[in-house]
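Listed in order, the protein sequences are those of chains A and B. Numbering of the first sequence is given in this note's numbering, commencing with residue -9 and proceeding in unit increments. Numbering of the second sequence is given in this note's numbering, commencing with residue -4 and proceeding in unit increments.
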Amino acid sequence: MNILGISVDPAIVKFIILVVQCIVWIVALLTTFAYIQLVERWTIARIQVRIGPNRTGPRGLLQPLADAIKALFKEELVPTNADKLVFVLAPMISVSCALLAFAVIPVAPPINLFGVEIPMQIADVDVGVLYILAIGSVSVYGTVLAGWSSNNKYSLLGSLRAAAQLISYEVTLGLALVGVFMLTSTLSLNGIVDYQKNFGWLIAPQIIGFFLYVIASIAETNRLPFDLPEAETELIAGYYTEYSSIKFAFFFMAEYINIITVCAVTTTLFLGGFLSPLSGIPFLRDIPILAWDGIWWFALKVFVLIFIFMWIRGTFPRLRYDQLMNFTWKAMLPAALLNILITAGIVLYPEILRLLNGQVTLR
Amino acid sequence: MDLGSLTESIVFYLFAAIAVLGALGVVMARSPVRSALSLASVFISLAAMYVLLNAGFLAVAQIMIYAGAVLILFLFVIMVLNPRVDVLGARTGTQTLIAIAFTVALAVLIIATVSSGQIAPATGKFTPEVLADFQHVEIIGALLFSEFLLPFEIASMLLLVAIVGAMTLARREKGAHKNIEG
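And the structure:
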C-alpha cells in the first residue's frame, strides 16, 4: 500500500487507524458527556423556572470543568465493611460498558484520506445490534455490584430494584428491534443504514417499535420517570449512595454516555443514521453540505433525541414500583409481540398472496 | 508471523489466562458474589474465544444469555439471601483432598487425550471462507427453522413448562397473604 509515496504494510495502517479512532471516539464521547450534562442542567432549570448554572465562565460554559476538578479533589471514601475490590470494580464496569457500546455505531459515511478508506465506525460486526444489547446486559453488573458492595441497606435496595428493572426492560428493548431486523434482514448497523438509504427511514414502518425502544431505553438508562434504583426520596441516592469523589463521577459519566449511546442507536436504527433528510426532496437536495450525508445530521438527530429525554425528565413524575413492572410486562411486551406479528405479515404479504392464488404450494 | 496472526495469538492467550484465572476464582473465592463475578469473567473470555473462531453470533449470545441473564439472576438471589462467609462454614481437609484428587484425574485424562493425537480438527460445511459470504444469523436461522426445527420446538416447550412451573410454585394461595402487588 502506498501513502504519500511511502509503501506501508496495510495491516499496520489498519492497526494505527483503529488505535487513533478509539482515542478520538473516547475523547469525543467524554467531551459530549460534559456538555450534555450542562445542557441538561440548563434545560431542567428552565422547565422548573430556575436559572441554572451561569456563574462559571461565560454563561456557565466552564461548569463541567469546575465539576471535574471538584470531583477529582474530593476525599475518596470507602465504607469500612464494604467489599473493597468489588466496590472499586463496579464504577469501572459501568463506564467501560458505556464506552464499549459505541464501537459499532457508524457516525458518518467512510472518508478517504491519502488514498486510504477510513470507516467512521470502529468495528463493523455483522451482529452489531446484538452486540449493543449484549453490552447493555453486562452493564447491569456495574449497578448491581455497586449497591451490594457498599454494605448499605439503601444501596442494596437500589441495586435489587435496578437488577429487576433492567432485566425486565431488556426483554422489551430486544423485542422492539426484531421488526427492524425482519424488514432489513441484517443485524449490521451499516447494513441497516444502507437499507434506509434505499427504502426510507424505518421510523415509518416501525413506529410501534420506535416508541417501545425509546421508552425501554429511558428505563435502561435509569432516568425519570423510571429512576427507581436511585429514587432520592426513598433511597437517598440508591445504588451509589456510598460513592464519593471520582468514583461517583464515573457513575455519572456512565449514565450520560449511555444516554448518548441509546440515542445514537435509535438514530441509526429508526431515523436513518447519518443520512440527510433532504436527499429525496427536489431543489433542496442540491444544497451542498446540508443535503450530503454526514456526521452533522447524525449529531443533530442524536441531540434532538437527547433533548426529548431531558424534556421527559422534566415533565413526568416517577412511577411506583408495581406500575413499573406492570407497564413493561403487561403493556410493552404484548405491544412488542404484536409489532413482530404485524411486521411478519408485511414482510410475507407477497408470499401469502401467491400462496392464495395457488402459484406456489407448501412443501 | 504476520501482524494479523500475532494479534490473534495475543488476544487468545490474554483471554485464555483470564478464563483460567476466573475459573480458579469461581471455586476458590470465599464470597459467593466474588465467585459469581469470576464466572462472569469466564463467560466473557469464552465469548472472546468464539469471536476468534469466527462465531460472532455465538459470542454475543453467550454474553447476553449467560453473563447478562442467567448470572444476573444468580447474583440477585445471592444478594437477597446475602450469606455471610462464616455461615457458609469452613473448608474441611477431606473436601480439599477429594477436590485435588479429582482435578489431577481430570488433568491426566485431558492431557492423555490431547497427546494421543486422536482429536483431529473437524471440518464441516461452514469454513471461514464460506462464512465470509453469509451472515451468521442467516445461516443459524435457516438451520434452526428447517433441519433442527423439532429440537428447537421441544426446547421451547421445555422452557414454557419451566416458566409455568415457576409461576405455580411462586403463586400465593388466595387469602393466605395479602397480595403485595397493587
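By construction, the Cβ of each residue, glycine as well, lies at the ideal position given by its N, Cα and C atoms.
Within chain B, partners of residue i - CB distance below 8 Å
{"i": "A:SER(-3)", "result": "Near A:SER(-3) there are no residues of chain B at all, since even the closest Cβ is about 15 Å away, more than 8 Å."}
{"i": "A:VAL294", "result": "Simply none; closest approach about 30 Å."}
Limits of the unbroken beta strand (DSSP E) element including residue i
{"i": "A:VAL106", "result": "106 to 110"}
Buried/exposed call for residue i, threshold 16 Cβ in 10 Å
{"i": "A:ARG49", "result": "exposed"}
{"i": "A:ARG213", "result": "buried"}
{"i": "B:GLY(-1)", "result": "exposed"}
{"i": "B:ALA42", "result": "buried"}
{"i": "B:GLY177", "result": "Because the pLDDT of B:GLY177 is 42, which lies under 50, any placement of that residue in the model is unreliable, and the number read from its coordinates should be weighed accordingly. Classification of B:GLY177: exposed, given that the 10 Å Cβ count is below 16."}
{"i": "A:GLN111", "result": "buried"}
{"i": "A:TRP138", "result": "buried"}
{"i": "A:VAL(-2)", "result": "exposed"}
{"i": "A:ASN188", "result": "exposed"}
{"i": "A:TRP287", "result": "buried"}
{"i": "A:ALA124", "result": "buried"}
{"i": "A:TYR339", "result": "exposed"}
{"i": "A:LYS291", "result": "buried"}
{"i": "A:GLN127", "result": "Looking at the sequence provided, one finds Ser at residue 127 of chain A rather than Gln. Flag for A:SER127 reads buried."}
{"i": "B:SER111", "result": "exposed"}
{"i": "B:PRO123", "result": "exposed"}
{"i": "A:PHE63", "result": "exposed"}
{"i": "A:PRO81", "result": "buried"}
{"i": "B:SER141", "result": "exposed"}
{"i": "B:GLY88", "result": "exposed"}
Proximal residues of chain A, C-beta to C-beta of residue i below 9 Å
{"i": "B:VAL28", "result": "ASP73, VAL76, LEU135, TRP138, SER139"}
{"i": "B:MET52", "result": "In the sequence on display, residue 52 of chain B carries Phe and not Met. Per Cβ cutoff of 9 Å: ASP116, VAL117, LEU120, LEU177."}
{"i": "B:LEU139", "result": "Neighbours of B:LEU139 on chain A: none; closest Cβ ~15 Å, over 9 Å."}
Assigned secondary structure, residue i (DSSP; H/G/I helix, E/B strand, else coil)
{"i": "A:LEU75", "result": "helix"}
{"i": "A:ASN102", "result": "strand"}
{"i": "B:GLY177", "result": "Caution is warranted here: a pLDDT of 42 is assigned to B:GLY177, below 50, making its placement in the model unreliable, and the coordinate value is therefore given only provisionally. Of the three classes helix, strand and coil, the one that applies to B:GLY177 here is coil, per DSSP."}
{"i": "B:SER4", "result": "helix"}
{"i": "A:ILE95", "result": "coil"}
{"i": "A:SER(-3)", "result": "strand"}
{"i": "A:GLY50", "result": "helix"}
{"i": "A:GLU66", "result": "coil"}
{"i": "A:LEU192", "result": "coil"}
{"i": "B:GLY17", "result": "helix"}
{"i": "A:PRO43", "result": "coil"}
{"i": "A:ARG344", "result": "helix"}
{"i": "A:ALA88", "result": "helix"}
{"i": "A:ALA239", "result": "helix"}
{"i": "B:ILE93", "result": "helix"}
{"i": "B:ALA165", "result": "helix"}
{"i": "A:VAL115", "result": "coil"}
{"i": "B:ILE73", "result": "helix"}
{"i": "B:ALA12", "result": "helix"}
{"i": "A:ALA80", "result": "helix"}
{"i": "B:ALA24", "result": "coil"}
{"i": "A:ALA227", "result": "coil"}
Contacts of residue i in chain A (Cβ-Cβ under 7 Å)
{"i": "B:VAL55", "result": "VAL117, LEU120, TYR121, ALA124"}
{"i": "B:PHE10", "result": "Neighbours of B:PHE10 on chain A: none; closest Cβ ~15 Å, over 7 Å."}
{"i": "B:ALA102", "result": "Those do not exist, as B:ALA102 stays about 29 Å from chain A at its closest Cβ, beyond 7 Å."}
{"i": "B:LEU19", "result": "Simply none; closest approach about 15 Å."}
Interface partners of residue i on chain B, CB under 7 Å
{"i": "A:TYR131", "result": "ALA35"}
{"i": "A:LEU146", "result": "MET74"}
Closer than 8 Å at the beta carbon, the chain A residues around residue i
{"i": "B:MET59", "result": "LEU120, LEU123, ALA124, SER127"}
{"i": "B:LEU144", "result": "Those do not exist, as B:LEU144 stays about 13 Å from chain A at its closest Cβ, beyond 8 Å."}
Per-residue contacts from residue i into chain B (C-beta, under 9 Å)
{"i": "A:LEU150", "result": "PHE71, MET74, VAL75"}
{"i": "A:ALA153", "result": "ILE67, LEU68, LEU70, PHE71, MET74"}
{"i": "A:LEU157", "result": "For the record, residue 157 of chain A in the displayed sequence is Ile; it is not Leu. Neighbours of A:ILE157 on chain B, chain order: GLY63, ALA64, ILE67, LEU68, PHE71."}
Terminal residues of the alpha helix (DSSP H) in which residue i lies
{"i": "A:TYR233", "result": "Note, A:TYR233: premise wrong, no alpha helix (DSSP H); not H, not E."}
{"i": "A:GLN53", "result": "53 to 63"}
{"i": "B:ALA54", "result": "51 to 56"}
{"i": "A:ILE125", "result": "118 to 139"}
{"i": "A:LEU8", "result": "0 to 37"}
{"i": "A:GLY181", "result": "179 to 189"}
{"i": "A:ILE208", "result": "197 to 210"}
{"i": "A:ARG151", "result": "143 to 174"}
{"i": "B:ARG29", "result": "27 to 47"}
{"i": "A:LEU218", "result": "Taken as a continuous stretch (DSSP letters only), A:LEU218 belongs to no alpha helix (DSSP H), as it is neither H nor E."}
{"i": "B:VAL65", "result": "No alpha helix (DSSP H) contains B:VAL65, which DSSP labels as neither H nor E."}
Beta strand (DSSP E) runs wholly inside the stretch 248 to 336 of chain A, at least 3 long, in chain order: none
In chain order, each alpha helix (DSSP H) run of at least 4 residues that lies wholly inside the stretch 98 to 161 of chain B: Segments of the alpha helix (DSSP H) lying fully in the stretch 98 to 161 of chain B: 123 to 128, 131 to 139.
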